[in-house]
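Protein chains: 2
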Amino acid sequence: MTELYDKIAVIGIGLIGASIALAARHGGLAKAISSFDADPAARSEAKQIGLPVEIQDNLADAVSDAELVILAIPVGAMAKVAEDMAPYLAPGAVVTDTGSTKRSVIRDVAPKLPETAWFIPGHPLAGTEFSGPASGFPNLFKQRYWLLIDEGNVEPAAKEKLESFCAQLGAMVEWMDSDYHDRVLAITSHLPHLIAYTIVGTAVDLETDLKNDVIRFSASGFRDFTRIASSDPTMWRDIFMSNDEAVLEMLQRFSEDLSYLQRAIRWQEGDKLFDLFTRTRAIRRSIISEGQDN
Amino acid sequence: MTELYDKIAVIGIGLIGASIALAARHGGLAKAISSFDADPAARSEAKQIGLPVEIQDNLADAVSDAELVILAIPVGAMAKVAEDMAPYLAPGAVVTDTGSTKRSVIRDVAPKLPETAWFIPGHPLAGTEFSGPASGFPNLFKQRYWLLIDEGNVEPAAKEKLESFCAQLGAMVEWMDSDYHDRVLAITSHLPHLIAYTIVGTAVDLETDLKNDVIRFSASGFRDFTRIASSDPTMWRDIFMSNDEAVLEMLQRFSEDLSYLQRAIRWQEGDKLFDLFTRTRAIRRSIISEGQDN
Numbered sequence: 044m045t046e047l048y049d050k051i052a053v054i055g056i057g058l059i060g061a062s063i064a065l066a067a068r069h070g071g072l073a074k075a076i077s078s079f080d081a082d083p084a085a086r087s088e089a090k091q092i093g094l095p096v097e098i099q100d101n102l103a104d105a106v107s108d109a110e111l112v113i114l115a116i117p118v119g120a121m122a123k124v125a126e127d128m129a130p131y132l133a134p135g136a137v138v139t140d141t142g143s144t145k146r147s148v149i150r151d152v153a154p155k156l157p158e159t160a161w162f163i164p165g166h167p168l169a170g171t172e173f174s175g176p177a178s179g180f181p182n183l184f185k186q187r188y189w190l191l192i193d194e195g196n197v198e199p200a201a202k203e204k205l206e207s208f209c210a211q212l213g214a215m216v217e218w219m220d221s222d223y224h225d226r227v228l229a230i231t232s233h234l235p236h237l238i239a240y241t242i243v244g245t246a247v248d249l250e251t252d253l254k255n256d257v258i259r260f261s262a263s264g265f266r267d268f269t270r271i272a273s274s275d276p277t278m279w280r281d282i283f284m285s286n287d288e289a290v291l292e293m294l295q296r297f298s299e300d301l302s303y304l305q306r307a308i309r310w311q312e313g314d315k316l317f318d319l320f321t322r323t324r325a326i327r328r329s330i331i332s333e334g335q336d337n
Numbered sequence: 044m045t046e047l048y049d050k051i052a053v054i055g056i057g058l059i060g061a062s063i064a065l066a067a068r069h070g071g072l073a074k075a076i077s078s079f080d081a082d083p084a085a086r087s088e089a090k091q092i093g094l095p096v097e098i099q100d101n102l103a104d105a106v107s108d109a110e111l112v113i114l115a116i117p118v119g120a121m122a123k124v125a126e127d128m129a130p131y132l133a134p135g136a137v138v139t140d141t142g143s144t145k146r147s148v149i150r151d152v153a154p155k156l157p158e159t160a161w162f163i164p165g166h167p168l169a170g171t172e173f174s175g176p177a178s179g180f181p182n183l184f185k186q187r188y189w190l191l192i193d194e195g196n197v198e199p200a201a202k203e204k205l206e207s208f209c210a211q212l213g214a215m216v217e218w219m220d221s222d223y224h225d226r227v228l229a230i231t232s233h234l235p236h237l238i239a240y241t242i243v244g245t246a247v248d249l250e251t252d253l254k255n256d257v258i259r260f261s262a263s264g265f266r267d268f269t270r271i272a273s274s275d276p277t278m279w280r281d282i283f284m285s286n287d288e289a290v291l292e293m294l295q296r297f298s299e300d301l302s303y304l305q306r307a308i309r310w311q312e313g314d315k316l317f318d319l320f321t322r323t324r325a326i327r328r329s330i331i332s333e334g335q336d337n
């Protein structure tokens, strides 16, 4: 319950932006919270549900005088928004983002900002398969990691304040570099999403009877994939376009491993399957003991 | 709350067997429930947790005089158990199973049974990633589908009684043929498990630092895969060995679809990704409206 900023601006009022606004308001972290979304429908929805922020009708009003600007938008939109808002940023303003890829965001945003602003890229590891202002909730970040990228040229006080802000939203903050971030996310998030989208797509293309029964009898396994594969299409298209290098590297490894199992099935080599299935169980236990699931 | 059988035998006291025993006892569906597991540790655990059945020390005692025998064992164990129990089956006994593949079970079990027994293969679409007697619970089958296979040579009264038994365990019964069952399950369950095992295996093989951070930061996407990939290794090895034909067919389709997306990522064709990601969202809505998830 520390008021850290006089004014913050949340740009993009989707699941993440709305949740940040709600959590910041609940925590009393800023005197004023200003918000803008390029989509008029999102602005209307935010007003209609009474999101406790000032919804602005243009980006300039939202960011002017803000000490902290949070870009909670698809990574493909970062370059344009950074360029558009740059002239209106207050001197000393800290800009952060919540995008799922970090190298592309640094490439797209950093060169556009004035020298008087600090850029600290970020990424909260939190979300649901829902999107839009009405899907936000203030506890989204509770006990979730929030990764911050230290590009080395930001004054320590600005970094400490942002870290404190994220922590008071409920998150556990970790600092890392952007290359490493993009590789970790490629395997923990991007590849799983790509695979889930693929298998659900494979099912969509089955002949009609079979497809209908796949939907009816989805109870085991497939259902989890459909949840993942119902995430926001724009956001995910942008992620794959932006983290293509790391995703393609992990995908190559995955494809080799899948071919190995495919061959084991074809040649009835059950011991190879059993061996892998035993090793993968151990990973689950590690995750449970890390407290990241229950 | 109808007592349908004087005595039933549940062979295999894992997640499924223990849950059937508990649900049948709670529902008062049989006067006596006899049970056997080839693994002495499972028999001890079942006794220790007070599973409300008579645990027998051999298969013959478990099945003798039983009107219904339920084989809740890995599909790779079906042939041997069917052969071993055949001499002890009561005339007119109904044998069913809970295996995830049906063509292989029919091939392995049907020829071993005496002509005086009826075989009605079955498959409850229910489970968790846990295994063993202590993972069973009586509500496991509630509102889940229970697929029964009509091989055409079973007397109607026996089929009706088994259907009623499954329904009173809480399940929704559907009849289908074994070929169709194996194709539907290949895409809804077997392929998702294979893929989840693969990607978790890919992560296991990463260099140590990266692997540890994959575990720490598993919050989005990957975590769901680790849950799926912690299912019982013996059961799943047997499934892939037994449903190899349908799994390899679906895997081929999946691999083609994945290559298409891989190429789209490499060539920055975002519209192809966006198009698929939009179509897969619709499937999720269908599943939610079918009431198979919430």
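Line order of the protein sequences matches chains A and B. Everything in the first sequence is counted per my numbering, starting at 44 for the first residue and increasing by one. Everything in the second sequence is counted per my numbering, starting at 44 for the first residue and increasing by one. Where is the CB? At the ideal position from N, CA and C, for every residue including glycine. Being a predicted model, the structure only gives us computed values, none of them experimental.
- By how many angstroms is the C-alpha of A:MET293 removed from the C-alpha of B:GLY244? For the purposes of this step, residue 244 of chain B is taken as residue 201 along the second sequence, with counting starting at 1. For the purposes of this step, residue 293 of chain A is taken as residue 250 along the first sequence, with counting starting at 1. Their backbone Cα atoms lie some 12 Å apart in a straight line.
- Query: When you compare each of B:GLY195, B:HIS236, B:ILE282 and B:SER178 to B:SER143 by their alpha carbons, which one comes out closest?
  - Reply: Within the second sequence, the letter at position 100 stands for residue 143 of chain B. Here the closest residue by C-alpha is B:ILE282.
- Can you name the residues that DSSP bridges to A:TYR188? Your numbering for residue 188 of chain A matches position 145 in the first sequence. DSSP lists A:MET215 as partners of A:TYR188.
- Item | Residues that DSSP places opposite B:LYS50 in a beta bridge | Translated into positions along the second sequence, residue 50 of chain B becomes position 7. As DSSP reads the structure, B:LYS50 sits in a beta bridge with B:ALA75.
- Whole-angstrom Cβ separation of A:HIS236 and A:HIS166, contact assumed at under 8 Å? To locate residue 236 of chain A, count along the first sequence from 1; it is residue 193. To locate residue 166 of chain A, count along the first sequence from 1; it is residue 123. Going by Cβ atoms, the distance from A:HIS236 to A:HIS166 rounds to 15 Å, so no, they are not a contact pair.
- Can you tell me whether DSSP reads B:GLU206 as helix, strand or coil? Along the second sequence, read from residue 1 onward, the residue named residue 206 of chain B stands at position 163. DSSP places B:GLU206 in helix when its eight states are reduced to three.
- Item | Cβ-based burial, A:ASN286 [other Cβ within 10 Å; buried from 16] | Here residue 286 of chain A is taken as the residue at index 243 of the first sequence, counted from 1. Under a 10 Å Cβ-count criterion, A:ASN286 is classified as buried, with 16 or more other Cβ atoms of the shown protein chains found around its own Cβ.
- Message: 8 Å is my cut-off, CB to CB: does B:ARG309 come that close to chain A?
- Response: The sequence position of residue 309 of chain B within the second sequence is 266, counting from 1. Output row for B:ARG309: interface = yes.
- Query: Going by Cα to Cα distance, which pick from A:ILE92, A:GLU333, A:ARG266 and A:ALA246 is closest to B:ASN255?
  - Reply: Here residue 255 of chain B refers to the residue found at position 212 when the second sequence is read from its first residue. Selected option, being the one with the closest Cα: A:GLU333.
- Comparing alpha-carbon positions, which option in B:GLU299, B:THR241, B:ILE51 and B:ARG259 lies nearest A:ARG296? The count along the first sequence starts at 1 and reaches residue 296 of chain A at position 253. Ranking the options by Cα distance to A:ARG296, first place goes to B:THR241.
- Query: Going along chain A, which residues have a C-beta under 7 Å from B:MET284?
  - Reply: Here residue 284 of chain B refers to the residue found at position 241 when the second sequence is read from its first residue. Chain A residues near B:MET284: GLN311 and GLY313.
- Item | For B:HIS166: DSSP bridge partner residues | Start at 1 with the first residue of the second sequence, and residue 166 of chain B comes out as number 123. DSSP, once it has assigned bridges, lists B:LEU190 as partnering B:HIS166.
- Would you call the segment 316-323 of chain B and the segment 264-279 of chain B touching, i.e. three or more CB-CB distances under 8 Å? no
- Item | Proximity test, Cβ basis, 8 Å: B:ILE338 and chain A | A question about residue 338 of chain B goes unanswered here, because the residues of chain B that appear run from 44 up to 337.
- Query: Given 8 Å as the limit, is there contact between the segment 102-115 of chain B and the segment 82-93 of chain B, that is, 3 or more CB pairs closer than that?
  - Reply: Output reads no: the segment 82-93 of chain B does not touch the segment 102-115 of chain B.
- Task: Could you name the residues that DSSP lists as bridge partners for A:TRP279?
- Result: As a working note, residue 279 of chain A is residue 236 in the first sequence. Its beta-bridge partners do not exist; DSSP assigns none.
- Task: Name, going along the chain, the residues of the segment 239-266 of chain B whose beta-carbon falls closer than 8 Å to a beta-carbon of chain A.
- Result: Within the segment 239-266 of chain B, the residues whose Cβ lies closer than 8 Å to any Cβ of chain A are, in chain order, ALA239, TYR240, THR241, ILE242, VAL243, GLY244, THR245, ALA246, VAL247, ASP248, LEU249, LEU253, ASP256, VAL257, ILE258, ARG259, PHE260, SER261, ALA262, SER263, GLY264, PHE265 and ARG266.
- What number of angstroms, rounded off, separates the C-alpha of B:SER232 from the C-alpha of B:GLY264? The count along the second sequence starts at 1 and reaches residue 232 of chain B at position 189. The count along the second sequence starts at 1 and reaches residue 264 of chain B at position 221. Roughly 17 Å separates the two Cα atoms.
- Query: Is the shortest distance between the beta-carbon of B:VAL290 and the beta-carbons of chain A less than 8 Å?
  - Reply: Taking the second sequence and counting its residues from 1, one reaches residue 290 of chain B at position 247. Against chain A, the CB of B:VAL290 has a partner CB under 8 Å away; the residue lies at that interface.
- Apart from the five residues on each side of it in sequence, which residues of its chain come closer than 6 Å, Cβ to Cβ, to A:PHE268? In the first sequence, residue 268 of chain A corresponds to position 225, counting from 1. For A:PHE268, where only same-chain residues beyond five positions count, the Cβ hits under 6 Å are ALA239, ILE242 and VAL243.
- Partners in chain A for B:GLU206, counting only beta-carbon separations shorter than 9 Å: What you label residue 206 of chain B is simply residue 163 of the second sequence in a count that begins at 1. None at all; the shortest Cβ gap to chain A is about 17 Å.
- Query: Can the beta-carbon of A:ASP151 be found less than 8 Å from the beta-carbon of A:ILE192?
  - Reply: For the purposes of this step, residue 151 of chain A is taken as residue 108 along the first sequence, with counting starting at 1. For the purposes of this step, residue 192 of chain A is taken as residue 149 along the first sequence, with counting starting at 1. No, these two residues do not count as a Cβ contact at 8 Å.
- Along the alpha helix (DSSP H) that carries A:THR339, what are the first and last residues, could you check? The structure shown does not extend to residue 339 of chain A, since chain A is modelled only from 44 to 337, so the question has no answer here.
- Message: So, with DSSP's three-state summary, where would you put A:THR45?
- Response: As a first step, residue 45 of chain A must be located in the first sequence, where it is residue number 2. Reduced to three states, the DSSP call for A:THR45 is coil.
- Query: With DSSP run on the structure shown, which of helix, strand or coil describes A:VAL197?
  - Reply: As a first step, residue 197 of chain A is located in the first sequence; it is residue number 154 there, counting from the start. A:VAL197 falls in the coil class under three-state DSSP.
- Message: Using C-beta distances below 7 Å, list every residue in its chain close to B:LYS74, excluding the 5 sequence neighbours before and after it, in chain order.
- Response: As a first step, residue 74 of chain B is located in the second sequence; it is residue number 31 there, counting from the start. Cβ within range, chain order: GLU46, ASP49 and LYS50.
- Contact check, B:ILE56 vs B:SER87, beta carbons under 8 Å: Sequence index remark: in the second sequence, residue 56 of chain B carries index 13 (1-based). Sequence index remark: in the second sequence, residue 87 of chain B carries index 44 (1-based). Result no, Cβ atoms of B:ILE56 and B:SER87 do not sit closer than 8 Å.
- Task: Please look up how many angstroms separate the CB atoms of A:PRO181 and A:SER62, rounded, as I've assumed it's under 8 Å.
- Result: Taking the first residue of the first sequence as 1, we reach residue 181 of chain A at position 138. Taking the first residue of the first sequence as 1, we reach residue 62 of chain A at position 19. Contact holds; Cβ gap of about 7 Å.
- Query: What does A:TRP279 reach in chain B if we use C-beta pairs closer than 8 Å?
  - Reply: Position 236 of the first sequence holds residue 279 of chain A. The contacting residues are LEU316 and PHE320.
- Query: Quick one: does A:ASN337 have its CB under 8 Å from some CB of chain B?
  - Reply: The residue given as residue 337 of chain A occupies position 294 in the first sequence. Low local confidence applies: a pLDDT of 44 at A:ASN337 is under 50, so the model's placement there is unreliable, and no value is given.
- 7 Å Cβ shell around B:LYS185 - same chain, five flanking residues per side excluded: Indexing the second sequence from 1 puts residue 185 of chain B at position 142. Here the set comprises GLY213.
- Message: To the nearest angstrom, how far is the alpha carbon of B:TYR188 from that of A:ALA169?
- Response: Indexing the second sequence from 1 puts residue 188 of chain B at position 145. Indexing the first sequence from 1 puts residue 169 of chain A at position 126. Those two C-alpha atoms are separated by around 33 Å.
- Using 10 angstroms around the beta-carbon of B:SER174, count the other beta-carbons present and answer buried if the total reaches 16, otherwise exposed. Taking the first residue of the second sequence as 1, we reach residue 174 of chain B at position 131. A residue is called buried once 16 or more other Cβ atoms fall within 10 Å of its Cβ, and B:SER174 is buried on that count.
- Straight-line CA distance for A:LEU190 to A:PRO164? The count along the first sequence starts at 1 and reaches residue 190 of chain A at position 147. The count along the first sequence starts at 1 and reaches residue 164 of chain A at position 121. When only Cα atoms are considered, A:LEU190 and A:PRO164 end up about 9 Å apart.
- Message: One question on the structure: do B:VAL138 and B:VAL96 come within less than 8 Å of each other, judged by their Cβ atoms?
- Response: Within the second sequence, the letter at position 95 stands for residue 138 of chain B. Within the second sequence, the letter at position 53 stands for residue 96 of chain B. The answer is no: Cβ separation not under 8 Å.
- At 7 Å on the CB atoms, spell out the chain B contacts of A:LEU237, in chain order. Walking along the first sequence from the start, residue 237 of chain A turns up at place 194. In chain order: LEU304.
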